[in-house]
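Colleague:
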Amino acid sequence: MKKDYVLPSLNEARKRNKESSQKLSFSLDGKYIGLGENKKYYIITHGCQANQRDSETMAGLLEAMGYAMCDDEKQADVIIINTCAVRQGAEEKVLGEVGALKRLKNDHPDLIIGIGGCMAQEEKSVNLILEKYRQVDIIFGTHNITSLPKLLYEVIHTRKRRVEVFSKMGEVIEEVPVTRFMSHKAWVNIMYGCDKFCSYCIVPYTRGKERSRHREDILREVEELVEQGYKEVCLLGQNVNAYGKDLKEDYTFGNLLNDVAKTGIRRIRFMTSHPWDFDDSMILAIKNNSNIMPYIHLPIQSGNSEVLKKMNRRYSREEYLALYDKLKRELPGFAFTTDIIVGFPNESDGAFEDTLSAVRHCEYDNAFTFIYSKREGTPAAMMDDNVDRKTKEERLQKLNELVAYYANRNNQKYKDRIVEVLVDGFSKRNSSVYSGYTPENKLVNFTGRNVKIGDLVKVRITEVMSFSLNGEMVE
Ligand code: 5AD
Ligand code: SF4
810 MKKDYVLPSL NEARKRNKES SQKLSFSLDG KYIGLGENKK YYIITHGCQA NQRDSETMAG
870 LLEAMGYAMC DDEKQADVII INTCAVRQGA EEKVLGEVGA LKRLKNDHPD LIIGIGGCMA
930 QEEKSVNLIL EKYRQVDIIF GTHNITSLPK LLYEVIHTRK RRVEVFSKMG EVIEEVPVTR
990 FMSHKAWVNI MYGCDKFCSY CIVPYTRGKE RSRHREDILR EVEELVEQGY KEVCLLGQNV
1050 NAYGKDLKED YTFGNLLNDV AKTGIRRIRF MTSHPWDFDD SMILAIKNNS NIMPYIHLPI
1110 QSGNSEVLKK MNRRYSREEY LALYDKLKRE LPGFAFTTDI IVGFPNESDG AFEDTLSAVR
1170 HCEYDNAFTF IYSKREGTPA AMMDDNVDRK TKEERLQKLN ELVAYYANRN NQKYKDRIVE
1230 VLVDGFSKRN SSVYSGYTPE NKLVNFTGRN VKIGDLVKVR ITEVMSFSLN GEMVE
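When we follow the numbering used here, the leftmost residue of the sequence shown carries the number 810, and every step to the right adds one.
#1: Between residue 778 and residue 865, what straight-line distance do the alpha-carbon atoms span, to the nearest angstrom?
#2: Taking 7 angstroms as the cut-off, is the CB of residue 1122 close to at least one heavy atom of the ligand 5AD?
#3: Restricting to Cα atoms, I'd like to know which of 892, 1276 and 1270 is closest to residue 1283.
#4: Let's test the definition: count the other Cβ atoms within 10 Å of the Cβ of residue 924 and tell me whether it reaches 16, buried, or not, exposed.
#5: The ligand COA and residue 1195: does any heavy atom of the ligand fall closer than 7 angstroms to the residue's C-beta?
#6: Can you give the Cα-Cα distance for residue 823 and residue 952, rounded to whole angstroms?
#7: Which value, in whole angstroms, describes the spacing of the CA atoms of residue 1034 and residue 1226?
#8: Should the segment 1163–1170 be regarded as contacting the segment 1206–1222, the criterion being three or more beta carbon pairs within less than 8 angstroms?
#9: Grouping DSSP H, G and I as helix and E and B as strand, with all else coil, what is residue 1074?
#10: Alpha carbon to alpha carbon, what distance is there between residue 1059 and residue 1090?
#11: On the three-pair Cβ rule with 8 angstroms, is the segment 1008–1017 touching the segment 909–923?
#12: Based on the DSSP secondary-structure assignment, which residues constitute the bridge partners of residue 944?
#13: For the ligand SF4, enumerate in chain order all residues having a CB closer than 6 angstroms to any of its heavy atoms.
#14: Taking the continuous beta strand (DSSP E) assigned at residue 1256, which residues delimit it?
#15: Measuring alpha carbon to alpha carbon, tell me which of 1108, 1217 and 1183 ends up nearest residue 898.
#16: With respect to 7 angstroms, is the separation between the Cβ of residue 1150 and the closest non-hydrogen atom of the ligand 5AD below this value?
#17: So, residue 1220 versus residue 1253, is the Cβ gap smaller than 8 angstroms?
#18: Could you tell me the distance, in whole angstroms, from the CA atom of residue 1178 to the CA atom of residue 1107?
#19: On the three-state DSSP scale, how would you describe residue 1161?
#20: Go ahead and pull the three-state DSSP assignment for residue 981.
#21: Nearest by alpha-carbon distance to residue 1224: which of 1275, 870, 1244 and 1214 is it?
#22: Quick one: measure Cβ to Cβ for residue 1161 and residue 1126, integer angstroms, because I've assumed they're closer than 8 angstroms.
#23: Might you give, ordered along the chain, the residues of its own chain that have their beta carbon closer than 7 angstroms to the beta carbon of residue 1120, omitting 5 neighbours on each side?
#24: Tell me residue 1110's beta-bridge partners as DSSP assigns them.
#25: Which residue's Cα is closest to the Cα of residue 858: 1078, 1057 and 1156?
#26: Between the segment 1080–1088 and the segment 966–981, do three or more beta carbon pairs fall short of 8 angstroms?
#27: Under 8 angstroms, do residue 958 and residue 837 count as touching if we go by C-beta distance?
#28: Comparing the CB of residue 1179 with every heavy atom of the ligand 5AD, is any distance shorter than 7 angstroms?
#29: Just checking, does the segment 905–913 make contact with the segment 867–875 on the three C-beta pairs under 8 angstroms criterion?
#30: Taking only beta-carbon positions, decide if residue 975 is within less than 8 angstroms of chain B.
#31: Residue 1042 and residue 1092: beta carbons closer than 8 angstroms?
#32: In the DSSP assignment, find the beta strand (DSSP E) that holds residue 1271 and state where it starts and stops.
#33: Could you say if the segment 1185–1192 and the segment 1137–1152 meet the contact criterion of at least three C-beta pairs nearer than 8 angstroms?
#34: CB residue 1229 to CB residue 1265, shorter than 8 angstroms?
#35: In the DSSP assignment, find the unbroken beta strand (DSSP E) run with residue 994 in it and report its ends.
#36: Under the DSSP definition of a beta bridge, which residues are partnered with residue 1234?
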C-alpha cells in the first residue's frame, strides 16, 4: 500500500539549517537477531567510496542479523543493490541489473531484493521502480541504512513491499556494525553530506548536509584499525577538507590529519578535497607527516571561469591554478589527479579550450573525465543542455588523449626506480603476478614470490604505461 511508504522529495532534501547535527548511537533490536540464520546475502555496489563504505555497513547489519555473505547472487536469500545517481549512465546500469534479477526472483520467490543508495533518494527513480520493477521488495535511502533490519523483518513477516526514504539533512550515527571488505585498507568516514551545491550535482540532495563525526570517534576507529593490522586508511567525505566546520570546537581537517598521523597507521589518504577548503594548515599537516601519502585529488571540473561560475564551484580558473601551483611548489614529488566535466550547458569551443590549457598547465597524473549528465532537481537541469552529443563525445576524446599524454609523461620518471607497493591482490591467471599501489597511488603489477595481500614490498619498475607500471619485486 503506497500510503505506508515514506517516499523521497528532492525539494525537502534541499533544506539546510546552521545547527550542529545530532549524534546518535545505534543498537540492534534483539528481535532482528537470528532472522538471517542459515541465510545468505549478496551486495552489488555502484558509485563512489562513500557507497563502498555504506555497503560495508549494510553487510555489518546483515551479519549482525545472522546472514552470511556469498559471492554468487544465485545462492542469495537477500540481494542489495547500492546505487549511484551522479550520472544517468550509472542509473541505467542499475535498472538493467534489477531487470535481470526478475528471472532469479521467479525461480526463488522467497528472494528479497533491496535497492539502497543515492538513486533511492530520487522521486523519479523510486516511482519508476515501484511501477515497473515489481521484483523489488525494499527501497531504502542513504539516511535509512540502519532501518535495513527492520525493513527486512517487515517484508519477511508481511510479504509486502517496504519503502523508507527520508529526505532530511541527516545526523551522525555511531556504533553501527561494519563488515569491512578488505583486511589491509579501510575506508573511514570523517564527514557526511555536502553543502557546496555545485549546480550540476545531485549529491547535496541525496546525502544531506555537511556533518562531521566527532574526532574521538574517528581516532578511536583508526586506532582499532591499527591494532587489527590495517596498513592504510582513506578518510572519506564528499568535501573531506570541510571537516569540522559544522562543529562547535575550533578543530579542522588539518588538525585531524595531524592526529590521525599520530596513530602510526602506515598510509593515510583522503578523498575528495574541494579547492575552496584547501587551507594552509592542511598543507602543513601533509608536509609534516610522512605517513600522509604524496597524492592529492583536486577536482577542477572546468578550466573556464564562466563555466565554473555557472557550475557554482566558488573559484575562478586563476584561483584554482594559483592554488595548484602553490601545492606543486610546497609538496614536491606529489602526484595530482582531478575530475573534469565536458559539455556543461553553454560550454563553447573556447571554454573547452580553456579546460585543455588548464590540463596542459597542471600536467595531471590522471583525470577522471565525464560528459555532463543532466540531473533532475539540480539548478543546471534548468539550463539548456545545448552542447550536442557528438561535440560532447569529441571533447571527451580529445581531453582523454591529453590526459593520457601527461599521465604517460609523468610515469616515465618511475622507470628503473624502486617503489614501495601495498599489495592488494594477485592475478587470477598468473599467481606470481601481484598488484598494488605506490604511495603516489600508481597502480603496479609485479612479479614476486611468497607475497601476501597487505604486504608492503619493494618493487623495481621495469616498464611504464600511461595508467600503470610493471615491475619485479626486489628480494
Ligand atoms: N554530470 C557529469 N559528471 C558529474 N559529476 C558530478 N555530477 C555530474 C553530472 N551531473 C562528476 C564530477 C564529480 C565526480 C564525482 O562526478 O566531476 O567530481
Ligand atoms: Fe557534488 Fe560539488 Fe558536493 Fe562534490 S562538492 S559532491 S561535485 S556538490
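Glycine included, every Cβ here is placed at the ideal spot set by N, Cα and C.
Modeller: The relevant details are as follows:
#1: An answer regarding residue 778 cannot be provided, because it is not within the stretch 810 to 1284 covered by the chain.
#2: Residue 1122: no, Cβ never under 7 angstroms from the ligand 5AD.
#3: Comparing Cα-Cα distances from residue 1283 to each of 892, 1276 and 1270, the minimum goes to 1270.
#4: Label assigned to residue 924: buried.
#5: Ligands present in the displayed structure are limited to the ligand 5AD and the ligand SF4, and the ligand COA is not among them.
#6: One alpha carbon belongs to residue 823, the other to residue 952, and they sit about 14 angstroms apart.
#7: Rounded to whole angstroms, the separation of the alpha carbons of residue 1226 and residue 1034 is 31 angstroms.
#8: Using a C-beta cut-off of 8 angstroms, the segment 1163–1170 makes contact with the segment 1206–1222, since at least three inter-stretch Cβ pairs fall below that distance.
#9: Residue 1074: coil per DSSP, three-state reduction.
#10: Residue 1090 and residue 1059 have their C-alpha atoms some 13 angstroms from each other.
#11: Too few Cβ pairs lie closer than 8 angstroms, so no.
#12: Looking at the DSSP assignment, residue 944 forms no beta bridge with any residue, so it has no partner.
#13: Those residues whose C-beta sits under 6 angstroms from the nearest heavy atom of the ligand SF4 are, from N- to C-terminal order along the chain, 1003, 1005, 1006, 1007, 1010, 1012, 1013, 1047, 1048 and 1083.
#14: Per DSSP, residue 1256 belongs to the beta strand (DSSP E) from 1252–1256.
#15: Looking at the Cα atoms, 1183 is the closest of the given residues.
#16: The answer is yes for residue 1150.
#17: No, these two residues do not count as a Cβ contact at 8 angstroms.
#18: Near 13 angstroms, if we compare the C-alpha coordinates of residue 1107 and residue 1178.
#19: Correct three-state label for residue 1161: helix.
#20: In this structure, residue 981 counts as strand in the three-state DSSP scheme.
#21: Here the closest residue by C-alpha is 1275.
#22: Residue 1161 to residue 1126, Cβ: 13 angstroms. No contact.
#23: Cβ contact annotation for residue 1120 (same chain, cutoff 7 angstroms, sequence separation greater than five): 1007, 1008, 1009, 1110, 1111 and 1153, in chain order.
#24: When beta bridges are read from the DSSP output, residue 1110 appears opposite 1149.
#25: Its Cα nearest to that of residue 858, the residue 1078 stands out among 1078, 1057 and 1156.
#26: The answer is no - the segment 966–981 does not touch the segment 1080–1088, with fewer than three Cβ pairs under 8 angstroms.
#27: Their beta carbons are under 8 angstroms apart, which means residue 958 touches residue 837 by this criterion.
#28: Yes, the beta carbon of residue 1179 sits closer than 7 angstroms to at least one heavy atom of the ligand 5AD.
#29: These segments do not touch.
#30: In summary, chain B is missing from the structure at hand, where a single protein chain is found.
#31: 8 angstroms or more divides the Cβ of residue 1042 from the Cβ of residue 1092.
#32: Segment 1265–1273, the beta strand (DSSP E) holding residue 1271.
#33: In short, these stretches do not touch, since the Cβ pair count stays below three.
#34: Yes, these two residues count as a Cβ contact at 8 angstroms.
#35: Where residue 994 is concerned, the enclosing beta strand (DSSP E) stretches over 994–998.
#36: DSSP output for residue 1234 lists 1244 as bridge partner(s).
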